[in-house]
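Now the structure itself:
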């Protein structure tokens, strides 16, 4: 009886050990570091020709669901709407509904991208559609109504870069490239179109949705 009881206790202990091991997650792939920002960052960049090195329109919209400065929206946009070179109808501005968040982003995230200071406009932001057929972002301020449209999506891919390198950050994001995209500013359609480009081995586009984007350092 004692042997049977001891054997039973051994089996029970082994069962508990197996259960414990099964519930322990492998943390070898966990990216440790401070989370600076997390959310969505759809990008829309248009060229007149594939060979052009500059974009006639460059828009980067952030829908931030976590940051030390709170949540909110920011849209950075520069656009030569008609493609005629520098002229009074050009738009070079930043739109936001959270100025504290904008200050944080400019200081911590956007330093390598903002070459010159841009005027800031208080704005509202709405989004409609889905990432299967068409996605639309509308930014409205007192002086501007900006409509960004992505459609005809390619295959989604995941980017997960390590912490360090030139950017200093580790970035994880779901990318969804768009074959077609349009920008309207106060009802005027901006010239240009998106062009395909590669990111690693994956087909990307100069117009793409970045979902679930998180910056860690």
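Numbering (my numbering), first residue to last: -2 to 214. Here a beta-carbon is modelled for each residue, glycine too, at the ideal position from N, C-alpha and C. All values derive from a computational prediction rather than experimental measurement.
Considering just the uninterrupted stretch of the beta strand (DSSP E) at residue i, what are its terminal residues?
i: residue 57; result: 54 to 63
i: residue 35; result: 32 to 37
i: residue 167; result: 167 to 182
i: residue 204; result: 204 to 213
i: residue 154; result: 154 to 157
i: residue 217; result: Nothing about residue 217 can be read from this structure; the chain reaches only from -2 to 214.
i: residue 194; result: 193 to 196
i: residue 27; result: Residue 27 -> no beta strand (DSSP E), and no H or E assigned at all.
Which two residues bound the contiguous alpha helix (DSSP H) that contains residue i?
i: residue 102; result: 96 to 105
Straight-line CA distance for residue i to residue j?
i: residue 68; j: residue 102; result: 11 Å
i: residue 33; j: residue 93; result: 18 Å
i: residue 56; j: residue 79; result: 16 Å
i: residue 84; j: residue 52; result: 16 Å
i: residue 98; j: residue 149; result: 32 Å
i: residue 66; j: residue 95; result: 9 Å
i: residue 58; j: residue 164; result: 19 Å
i: residue 166; j: residue 214; result: 5 Å
i: residue 77; j: residue 86; result: 7 Å
i: residue 133; j: residue 109; result: 27 Å
i: residue 115; j: residue 62; result: 24 Å
Rounded C-beta distance between residue i and residue j? I'm assuming under 8 Å.
i: residue 136; j: residue 72; result: 5 Å
i: residue 160; j: residue 36; result: Residue 160 to residue 36, Cβ: 19 Å. No contact.
i: residue 189; j: residue 43; result: 3 Å
i: residue 183; j: residue 121; result: Contact flag wrong, Cβ pair sits at about 15 Å.
i: residue 158; j: residue 206; result: Not confirmed; about 18 Å, so no contact.
Ordered along the chain, which non-local residues of its own chain (more than five positions away) have a Cβ less than 7 Å from that of residue i?
i: residue 179; result: 146 and 186
i: residue 105; result: 33
i: residue 138; result: 92, 118, 119 and 120
i: residue 155; result: 171
Tell me which same chain residues have a C-beta within less than 6 Å of the C-beta of residue i, skipping the five on either side of it?
i: residue 181; result: 144
i: residue 204; result: 41, 147, 175, 178 and 191
i: residue 210; result: 38 and 170
i: residue 202; result: 174, 175, 191 and 193
i: residue 60; result: 36, 37 and 70
Give a yes or no on whether 9 Å exceeds the smallest Cβ distance from residue i to chain D.
i: residue 74; result: Of the protein chains in the structure, only one exists, and it is not chain D.
Pick out the complete alpha helix (DSSP H) segments inside the segment 78 to 151, 4 residues or longer, and give them in chain order. 96 to 105
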